[in-house]
Amino acid sequence: DGDGPMARSMEKPKTLDDVTDKSKPWKVAETQCQLVVMPDSTDEAHKVARLLYRNGCEVLALGCNGALRLWRRYLKATANVVPQQWKPASGLAMTNDVTGVNLEKAVPCMALLKNYNNIISACGGKVSLFNIETFKVCLQMTTWPILMSTAVMKD
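Each residue of the sequence shown is one higher than the one before, counting from 1 in full-length UniProt numbering.
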């Protein structure tokens with residue numbers, strides 16, 4: 001019986017090479033993909049280095065310059081609903097400390113903590129722990145000890 005779920009999961013995915021009549025246009029279904037841009041500039045330092053998807057309605061972007069941006073979608077998730085860049089009422093921005101960092105050689109990174117309210121991020125300099133709701137820096141360290149990583153991840 002080759003019709004079960006296991007057989008379907010073993011099928012080779014279809015590619016353009018598998019299509020016999022390449023002259024027919026493909027009908028593409030509406031997707032839930034949405035383009036968001038870092039609003040600062042178009043230069044290399046403002047390119048998006050990392051993206052995280054959070055809670056089904058938010059996208060968090062980390063730029064090559066260490067800046068983090070958060071977009072929230074307030075309505076039903078469709079390609080027609082544009083996410084809005086969000087900042088707390090305090091006006092704070094989430095930005096990694098890149099003092100003395102060669103941004104061309106830095107590797108921007110971020111990780112969402114288990115509670116989904118905090119993010120660990122760095123861009124070649126200090127490691128920062130941010131609260132996503134307030135954008136406040138909860139903790140900043142030049143090194144991140146293994147024991148501290150374990151304790152924070154259990155939070």
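Glycine included, C-beta positions come from ideal geometry on N, C-alpha and C.
Within its own chain, the residues whose Cβ lies closer than 8 Å to the Cβ of ASN102, once the five positions on either side in sequence are excluded, are GLY124, listed in chain order. Remark: C-beta atoms of THR95 and GLY56 do not approach each other more closely than 8 Å. The three-state secondary structure of ARG54, taken from DSSP, is strand.
Inclusion of ALA61 and ARG69 in the CB contact set at 8 Å is warranted, their separation being smaller than that value.
Annotated three-state conformation of SER121 is strand, per DSSP. Secondary structure note for LEU113: it is in no beta strand (DSSP E), with a DSSP letter that is neither H nor E.
In this structure, the CA atom of ARG50 is about 23 Å from the CA atom of GLY91.
ALA89 and CYS109 have their C-alpha atoms roughly 26 Å apart. With a contact defined as Cβ atoms closer than 8 Å, LYS47 and GLY63 qualify at about 7 Å. Non-local beta-carbon contacts of ILE120 in its own chain, meaning distances under 6 Å to residues more than five positions away in sequence, involve ALA111, LEU129 in chain order.
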